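Participant:
There are 2 protein chains.
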Amino acid sequence: MATSTAAARREQERSDYNAYLAECPSHNLLAQISSKWITLLLSALAGGSMRYSNLSRAIPSVSQKMLTQSLRTMERDGLLTRTVTAAVPVRVDYELTTLGRSLNVLMTQVKNWAESNMDNVYDARRGYDEREVEDPIAALNRRG
Amino acid sequence: MATSTAAARREQERSDYNAYLAECPSHNLLAQISSKWITLLLSALAGGSMRYSNLSRAIPSVSQKMLTQSLRTMERDGLLTRTVTAAVPVRVDYELTTLGRSLNVLMTQVKNWAESNMDNVYDARRGYDEREVEDPIAALNRRG
DNA sequence: CAGCATCCACATTGATACTG
DNA sequence: CAGTATCAATGTGGATGCTG
């Protein structure tokens, strides 16, 4: 019965920790803001307010669905404001809040890091992939 | 023929931009590093080198699959080193590189932002969700 | 101990068509 | 113009079993 108990205990532990992580709000938030579109929208809106169609053109790879969805999420999280102007046709403007701008500062830094270190990363990848080819040698070494 | 041409042009534009985005290496990199597990692994390894089993225990919610996969990605990108010690049983240590540590500095800032602003975000969400309930009024206003 | 291979469930995303 | 609704494809991650 020992083994089945061990398995049960493992499962219990994992379940506990999952609950802990699911609770952890800062982690959820981190996951949200590091989403692909959020990042792009932050920098698109960094220069000031933009209309829906402007955003759509600024980030042409985004579908209406994801654009709307991301904007709604950001609005809900207080990162931007959505202003509807009653006219024909309707006009909707999006603008970063103070909170949104403060986040953008950080994300810009991360983006800059990515741009600055791209070459390092790509070199590392090339090196890694080449090493993969000569793996047999590593295997020999491992056998002493 | 005007409409079909417009559609074709749109598609062409989108295709062009997609190619542009797919090329954009800093964006790819950004997507990679903002992955859930990468973030956790960075902070787990911030204190120094760790063994595979240590990491597994430090981040209990990660499956072996994702742990291994994430570590390989980070190794490939030059964010950490993987050291195999031939012994029985085998021992594998992971340690952040200088590049990895420099990234961790930024990600820690973002993490801190998330922790500091959690309350703001949650308040905003509550406000948004409450406003949703009284949406009928907004609809009336919109009709002037 | 530190993985890899396989299968599978689910969430995310995209394409398409339609609307106030 | 600024969306909504729906369906299909894709990807991501987890569970399981096996290995050097």
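The listed protein sequences derive, respectively, from chains A and B. Just remember that my numbering sits 4 ahead of the position in the first sequence, which is counted from 1. Just remember that my numbering sits 4 ahead of the position in the second sequence, which is counted from 1. For each residue, glycine too, the CB sits at the ideal point set by N, CA and C. Model, not experiment: these values are computed from the prediction.
Return the residues of the segment 105-118 of chain A that lie within a Cβ-Cβ distance of less than 8 Å from chain B, sorted by chain order.
Facilitator: Listed by position along the chain: S106, L107, L110, M111, Q113, V114, K115, W117 and A118.
Participant: Under 8 Å by Cβ, that's how I've got V96/A and R61/A pegged, so tell me the actual separation to the nearest angstrom.
Facilitator: Within the first sequence, residue 96/A is the residue found at index 92, counting from 1. Within the first sequence, residue 61/A is the residue found at index 57, counting from 1. Rounded, the Cβ-Cβ distance is 14 Å, inconsistent with contact.
Participant: Mind checking S74/A: buried by the 16 CB within 10 Å criterion, or exposed?
Facilitator: On the first sequence, position 70 is the one that residue 74/A refers to. Label assigned to S74/A: buried.
Participant: Which parts of the segment 64-114 of chain B are runs of the beta strand (DSSP E), unbroken and 3 residues or longer, counting only runs that do not cross its ends?
Facilitator: If we require 3 residues or more, the beta strand (DSSP E) runs fully inside the segment 64-114 of chain B come out as 84-89 and 95-100.
Participant: Taking Cβ-Cβ distances shorter than 7 Å, what residues in chain B pair up with N121/A?
Facilitator: Locating residue 121/A in the first sequence gives position 117, counting from the first residue. Going along chain B in sequence order, the residues near N121/A (Cβ under 7 Å) are L103.
Participant: Please compile the residues from chain A whose C-beta is within a distance smaller than 7 Å of the C-beta of N124/B.
Facilitator: Start at 1 with the first residue of the second sequence, and residue 124/B comes out as number 120. Going along chain A in sequence order, the residues near N124/B (Cβ under 7 Å) are G82 and L103.
Participant: Check each candidate in P64/B, I37/B, P29/B and E134/B and name the one with the smallest Cα separation from G104/B.
Facilitator: Numbered from 1 along the second sequence, position 100 holds the residue referred to as residue 104/B. Nearest option by C-alpha distance: I37/B.
Participant: Does the structure place the segment 128-135 of chain A close enough to the segment 72-89 of chain A that three or more beta carbon pairs sit under 8 Å?
Facilitator: No, the segment 72-89 of chain A does not touch the segment 128-135 of chain A.
Participant: What is the residue span of the alpha helix (DSSP H) that S60/B lies within?
Facilitator: If you number the second sequence from 1, residue 60/B lands on position 56. Here the alpha helix (DSSP H) through S60/B covers Y56 to A62.
Participant: Mind reading off the beta-carbon distance from L45/B to L59/B? Whole number of angstroms is fine, and I expect it under 8 Å.
Facilitator: For the purposes of this step, residue 45/B is identified with residue 41 of the second sequence, where counting begins at 1. For the purposes of this step, residue 59/B is identified with residue 55 of the second sequence, where counting begins at 1. L45/B to L59/B, Cβ: 7 Å. Contact.
Participant: Mapping the DSSP letters down to three states, classify G51/A as helix, strand or coil.
Facilitator: If you number the first sequence from 1, residue 51/A lands on position 47. It is coil, neither helix nor strand.
Participant: So, does the CB of R129/B fall closer than 9 Å to a CB anywhere in chain A?
Facilitator: By one-based count along the second sequence, residue 129/B stands at place 125. Output row for R129/B: interface = yes.
Participant: Could you please give the first and the last residue of the uninterrupted alpha helix (DSSP H) stretch that includes S30/A?
Facilitator: The count along the first sequence starts at 1 and reaches residue 30/A at position 26. Element bounds for S30/A: P29 to I37.
Participant: Cβ closer than 9 Å: which chain B residues qualify as neighbours of E79/A?
Facilitator: If you number the first sequence from 1, residue 79/A lands on position 75. Near E79/A (Cβ distances below 9 Å), the residues of chain B are A128 and Y132.
Participant: Mind checking V88/A: buried by the 16 CB within 10 Å criterion, or exposed?
Facilitator: Counting from one through the first sequence, the residue named residue 88/A turns up at place 84. Burial call: exposed.
Participant: Please state whether DSSP places A23/B in a helix, a strand or coil.
Facilitator: If you number the second sequence from 1, residue 23/B lands on position 19. The predicted position of A23/B is uncertain, since its pLDDT is 47 and thus under 50; a value taken from the coordinates is nonetheless stated next. The answer is helix: DSSP assigns A23/B an H, G or I state.
Participant: Could you name the residues of the segment 51-71 of chain B whose beta carbon sits closer than 8 Å to any beta carbon of chain A, in the order they occur along the chain?
Facilitator: Those residues of the segment 51-71 of chain B that come within reach of chain A (Cβ to Cβ, closer than 8 Å) are P64 and S65.
Participant: Strictly under 9 Å for the Cβ-Cβ distance: is L33/A near chain B by that measure?
Facilitator: Within the first sequence, residue 33/A is the residue found at index 29, counting from 1. Answer yes: the Cβ-Cβ gap between L33/A and chain B drops below 9 Å somewhere.
Participant: Buried or exposed for V94/A, going by 16 or more other Cβ atoms inside 10 Å?
Facilitator: Residue mapping note: residue 94/A aligns to position 90 of the first sequence, counting from 1. The residue is exposed, with fewer than 16 neighbouring Cβ atoms inside 10 Å.
Participant: Measuring CA to CA, which of S39/B, N108/B, N121/B and N116/B is closest to V66/B?
Facilitator: Here residue 66/B is taken as the residue at index 62 of the second sequence, counted from 1. Residue S39/B is the option with its Cα nearest to V66/B.
Participant: Which word fits V125/B, buried or exposed, when buried means at least 16 other C-beta atoms lie within 10 angstroms of its C-beta?
Facilitator: The count along the second sequence starts at 1 and reaches residue 125/B at position 121. V125/B should be labelled buried.
Participant: Could you name the residues of chain B that S74/A contacts, counting a contact when the two beta carbons are closer than 9 Å?
Facilitator: Counted from its first residue, the first sequence places residue 74/A at position 70. The premise fails here: S74/A is roughly 14 Å from chain B at the closest Cβ pair, so nothing lies under 9 Å.
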